[in-house]
Amino acid sequence: MREQILELLERNSRMTPAEIAVLLGSGEEVIASEIKKMEEENVICGYNTLIDWDKTGADKITALIEVRVTPTRGQGFDKIAERIYNYPEVQSVYLISGGYDLLVILEGKTLKEVSHFVSSKLSTLDSVISTATHFILKKYKDDGIIFDKKKKDERMLVEP
8 MREQILELLE RNSRMTPAEI AVLLGSGEEV IASEIKKMEE ENVICGYNTL
58 IDWDKTGADK ITALIEVRVT PTRGQGFDKI AERIYNYPEV QSVYLISGGY
108 DLLVILEGKT LKEVSHFVSS KLSTLDSVIS TATHFILKKY KDDGIIFDKK
158 KKDERMLVEP
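Structure representation (structure tokens):
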């Protein structure tokens, strides 16, 4: 039942325990208790709202930064990842496979702001060997949500 609750909350974090209980055929108290337990265990780490910032007029730019590092003896990549994720600009840090070791997702107001972070904070860390920065130009789908869904043409087809 835990996985089913998590899947429902992952799709829509605004679902109430009552709504989940109806879908799973369980009691509201049981669901609420299970959610609380998962929050205390840090299985549920937080609740997010997905926003299409392009529609707000707000100045926001997202960058994906691949980072190649030298891991620290006895701590691997964890120590450098922690150092990076403690910067307030950093949204996410992932250990990845391939040519780079870490993927850093960063949000800023301008390209200049992001490049300043990379050149003055990230690249200067002792363990960082190199970086490659990619800027998000347009989001089509994020976290399972499609942006700019095409409206279905509901007109009746008339043939001669």
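The opening position of the sequence shown corresponds to residue 8 in the working numbering, with each subsequent residue numbered one higher. Each residue gets a CB set at the ideal place from its N, CA and C atoms; glycine is no exception. Only a predicted model underlies this, so the values are computations on that prediction, with no experimental measurement involved.
| said: Which complete alpha helix (DSSP H) runs does the region 108-133 hold, if anything under 4 residues is left out? | reply: 118-124
| said: Taking 8 Å as the limit between beta carbons, can you name the residues of its chain near Glu41, skipping five residues before and five after? | reply: In the sequence shown, counting from the first residue as 1, residue 41 sits at position 34. Met8, Arg9, Ile12, listed in sequence order.
| Under 8 Å between the Cβ atoms of Gly66 and Thr117? | One-based indexing of the sequence shown puts residue 66 at position 59. One-based indexing of the sequence shown puts residue 117 at position 110. It is Asp, not Gly, that sits at residue 66 in the sequence shown. Yes, Cβ-Cβ distance for Asp66 and Thr117 is below 8 Å.
| task | Quick one: using the 10 Å Cβ neighbour count with 16 as the cut-off for buried, is Pro24 buried or exposed? | result | For this step, residue 24 is matched to residue 17 along the sequence shown. Around the CB of Pro24, 16 or more other CB atoms lie within 10 Å, so the residue is classed as buried.
| query | If you count every other CB in all the chains shown that lies within 10 Å of the CB of Val135, and 16 or more means buried, which is it? | reply | Numbered from 1 along the sequence shown, position 128 holds the residue referred to as residue 135. The residue is buried, with at least 16 neighbouring Cβ atoms inside 10 Å.
| field | Own chain, CB closer than 7 Å to Ile27, minus 5 neighbours either side, in chain order | value | As a working mapping, residue 27 is identified with position 20 in the sequence shown. Answer for Ile27: Ile12, Leu15, Ile38, listed in chain order.
| query | If you draw a straight line from the alpha carbon of Ala139 to that of Arg18, how long is it in whole angstroms? | reply | Along the sequence shown, one-based indexing puts residue 139 at 132. Along the sequence shown, one-based indexing puts residue 18 at 11. About 32 Å.
| task | Tell me where the alpha helix (DSSP H) around Val50 begins and ends. | result | Along the sequence shown, read from residue 1 onward, the residue named residue 50 stands at position 43. Run containing Val50: none; DSSP gives neither H nor E here.
| field | Residue range of the unbroken alpha helix (DSSP H) whose run includes Arg18 | value | On the sequence shown, position 11 is the one that residue 18 refers to. Residue range 9-18 is occupied by the alpha helix (DSSP H) that includes Arg18.
| said: Can you check which of these residues, Ser130, Lys44, Lys146, is closest to Ile72 by C-alpha distance? | reply: Along the sequence shown, one-based indexing puts residue 72 at 65. If we check each option's Cα against that of Ile72, Ser130 comes out closest.
| When you compare only the Cα positions, how much space is there between Val91 and Val50? | Here residue 91 corresponds to residue number 84 of the sequence shown, with the count starting at 1. Here residue 50 corresponds to residue number 43 of the sequence shown, with the count starting at 1. Residue 91 is actually Ile in this sequence, not Val. Their Cα atoms are separated by approximately 23 Å.
| From His141 to Glu46, what does the alpha carbon distance come to, in whole angstroms? | Numbered from 1 along the sequence shown, position 134 holds the residue referred to as residue 141. Numbered from 1 along the sequence shown, position 39 holds the residue referred to as residue 46. Each residue's Cα considered, the two are about 34 Å apart.
| field | CA-to-CA distance, Asp149 to Leu109, given in whole angstroms | value | Indexing the sequence shown from 1 puts residue 109 at position 102. Indexing the sequence shown from 1 puts residue 149 at position 142. Straight through space, the alpha carbons of Asp149 and Leu109 are spaced by roughly 20 Å.
| query | Whose CA, out of Ser122, Ile87, Thr69, Ser127, lies closest to the CA of Lys77? | reply | To locate residue 77, count along the sequence shown from 1; it is residue 70. The sequence shown places Thr at residue 77, not Lys. Of all alpha-carbon atoms in Ser122, Ile87, Thr69, Ser127, the one lying nearest the alpha-carbon of Thr77 is that of Ile87.
| request: Please state if the CB of Ile68 and the CB of Gly1 are separated by a distance shorter than 8 Å. | output: Given that the chain is displayed from residue 8 to residue 167, the structure contains no residue 1 and the question cannot be resolved.
| With 16 as the cutoff for other CB atoms within 10 Å, does Phe154 come out buried or exposed? | Start at 1 with the first residue of the sequence shown, and residue 154 comes out as number 147. It is exposed - the Cβ of Phe154 has fewer than 16 other Cβ atoms within 10 Å.
| query | To which residues of the same chain is Tyr147 closer than 8 Å at the C-beta, ignoring the five residues directly before and after it? | reply | Counting from 1 along the sequence shown, the entry for residue 147 is found at position 140. Around Tyr147: Ile153, Phe154, Asp155.
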